[in-house]
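Since the structure comes first, as structure tokens, the remarks are kept for the end.
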Amino acid sequence: MTEEMYSVEQVADRLGLHVRTVRGYIRSGRLRAVRIGKQYRITAGDLDALTGQAPATTRVSGHAEVSSIVQVDGVDRAAADRLGTLVLASANTGHDQAHPLRVQTVHDEQRHRMKIIILGDPAATAELLHLLDAVLNADNGLLDREVPDA
């Protein structure tokens, strides 16, 4: 079974946009397209993804996502680097590849504060939060540091 494909002009007409706008969406990665010769073709599924519509033949599963922000105070640059490496390594191993954990870390050197932002599946997020809790509350030397008073 082949999926219906649209030209840039057809997509622009369907969405009420200018052709250049649709091409811009393709170049920026906002709209997936396949280049065939000198022209782009967009699948119905990719068009649905752009517009936020679920295809008529697809049942929407009950997938949930959790967003968490963990703030760790009293962290110098070296400790933040070690903790960030641990968190990112854990997030990138052993989880459902269809719904990967997305993690970002930010360190504020002036305040000696680190924030860890986690987006993902509730169970995988809980595992990562348990790991963080164990590391932050353990006497394992990972975050041993002397931070000067500000």
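Just add 1087 to the spot in the sequence shown (first one is 1) and you have the working numbering.
Backbone N, C-alpha and C define an ideal beta-carbon position, used for all residues, glycine too.
Model, not experiment: these values are computed from the prediction.
Using a Cβ distance threshold of 8 Å, V1162 and R1200 count as a contacting pair.
A distance below 6 Å between beta-carbons, with the five flanking residues on each side excluded, links D1160 to the following residues of its chain, in chain order: R1200.
In the structure shown, L1188 falls within a coil segment according to DSSP collapsed to helix, strand and coil. In the DSSP annotation of this structure, the continuous segment of the beta strand (DSSP E) that includes G1207 starts and ends at R1200 to G1207. With distances taken between CA atoms, T1130 lies nearest to S1094 out of L1218, S1094 and A1213.
Rounded to the nearest angstrom, the Cβ distance from S1154 to L1206 is 5 Å, consistent with a contact under 8 Å. A1166 and T1172 have their alpha carbons spaced roughly 10 Å apart.
Beta-bridge partners of I1156 (DSSP): I1204. Between the alpha carbons of R1189 and L1134 lies a gap of roughly 25 Å. Following the DSSP letters along the chain, one finds V1109 inside the alpha helix (DSSP H) bounded by residues V1106 to S1115. Here the C-alpha atom of A1176 lies approximately 14 Å from the C-alpha atom of L1216. In the DSSP assignment, the residues bridged to T1130 are M1092. For A1210, the closest of H1150, T1138 and I1203 by C-alpha to C-alpha distance is H1150.
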